[in-house]
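First up is the structure itself, then whatever we jot down about it.
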Ligand SMILES: [Zn+2]
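In the numbering used here, the protein residues as written are 255 to 547.
Rendered as structure tokens:
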């Protein structure tokens, strides 16, 4: 699933191309995309409006269509926006025909991506208030904040990082990378790190996400840039998807385990396994691993 760096990469690429362009027609090829709003109704709400700007919150893209009307899109597993794509485009679910003969296509082989129209700035704030916590690059993410968000949490620190309601935008890749950089085992109890570890983790979350941004995101599950090119962060993973390879810090073999229901990569020497791991597993299950979307 695209995480903050991948979604932000798309936003940065699309933003200059889309800003100020009028949507002449919206062709909804898959009604499930905008469900429960019917395809024809969605088109009526969108057509004729101008894309003022393209924003992002967590893993959501926000099309600001002026007059406090917003189209809020989530790419989920395999969603992608392609701008002026050449040739045949597979798995199209929606096509925005833009002024000047340009086209923005939403492609999505697995069809989990969503689009919702939200009217009013206040409604937009409410929409995200129940879904997303702090933005990693907003200046709010520091050790003290992380510590207070995690206080009393009995789940694993990995489940806590995947829960979008605490810190928004982190998924499986960047959780593994941030925990490795901070030398924290993914099964540690979220509410029980030392203050210095929250400080470090707040920093390594931002470092891991920034490294992803610098590489144009990671290409897994067919993530592509808006121009059809691919990100390269998968070549720079320190531990994620590196089972059996040497730890870049100590040379010990990188392991794969399952935490919070997700394949999780770590170095057992750099990230010592805590006691009470079984309890953590039960707590993760009880919390359904939080809201990972
Ligand atoms: Zn190591």
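Just so you know, even glycine gets a beta-carbon here, dropped at the ideal spot from N, CA and C.
Item: Hey, how far is the Cα of residue 438 from the Cα of residue 332?; Value: 30 angstroms
Item: Quick one: residues in its chain with C-beta nearer than 7 angstroms to the C-beta of residue 499, no 5 flanking neighbours on either side, listed in chain order?; Value: 508
Item: Taking the alpha helix (DSSP H) that residue 434 belongs to, which residues open and close that run?; Value: 426–435
Item: Could you tell me if residue 410 is buried or exposed, where buried requires 16 or more neighbouring beta carbons within 10 angstroms of its beta carbon?; Value: buried
Item: Residue 423 and residue 390 - do their beta-carbons sit closer together than 8 angstroms?; Value: yes
Item: Comparing the CB of residue 527 with every heavy atom of ligand 1, is any distance shorter than 7 angstroms?; Value: no
Item: Specify whether the region 389–403 and the region 443–463 touch according to this definition: at least 3 beta carbon pairs, one from each stretch, less than 8 angstroms apart.; Value: yes
Item: Determine, using beta carbons only, whether residue 413 and residue 538 come nearer to each other than 8 angstroms.; Value: yes
Item: Using the rule of at least 16 other Cβ atoms within 10 Å of the residue's Cβ for burial, across every protein chain shown, is residue 484 buried or exposed?; Value: exposed
Item: According to DSSP, simplified to helix, strand and coil, what is residue 324?; Value: strand
Item: Is residue 488 helix, strand or coil by DSSP?; Value: helix
Item: Quick one: what's got a C-beta closer than 7 angstroms to residue 550's C-beta in the same chain, skipping five residues either side?; Value: In the structure as shown, the chain starts at 255 and stops at 547, and residue 550 therefore has no counterpart that could be examined.
Item: Taking three-plus beta-carbon pairs below 8 angstroms as touching, is the region 398–405 in contact with the region 364–377?; Value: no
Item: Residue 284 and residue 347 - do their beta-carbons sit closer together than 8 angstroms?; Value: yes
Item: Under a Cβ-count criterion, where at least 16 other Cβ atoms within 10 Å of its own Cβ denotes burial, should residue 464 be classed as buried or exposed?; Value: exposed
Item: Of all the options 488, 279 and 295, which has the alpha carbon lying nearest to the alpha carbon of residue 259?; Value: 488
Item: What is the rounded straight-line gap between the Cα of residue 518 and the Cα of residue 431?; Value: 10 angstroms
Item: What residue range does the beta strand (DSSP E) around residue 337 cover?; Value: 334–337
Item: Hey, is residue 523 close to ligand 1, as in C-beta under 7 angstroms from one of its heavy atoms?; Value: yes
Item: Should residue 261 and residue 329 be called a contact, given that it needs their Cβ atoms to be closer than 8 angstroms?; Value: yes
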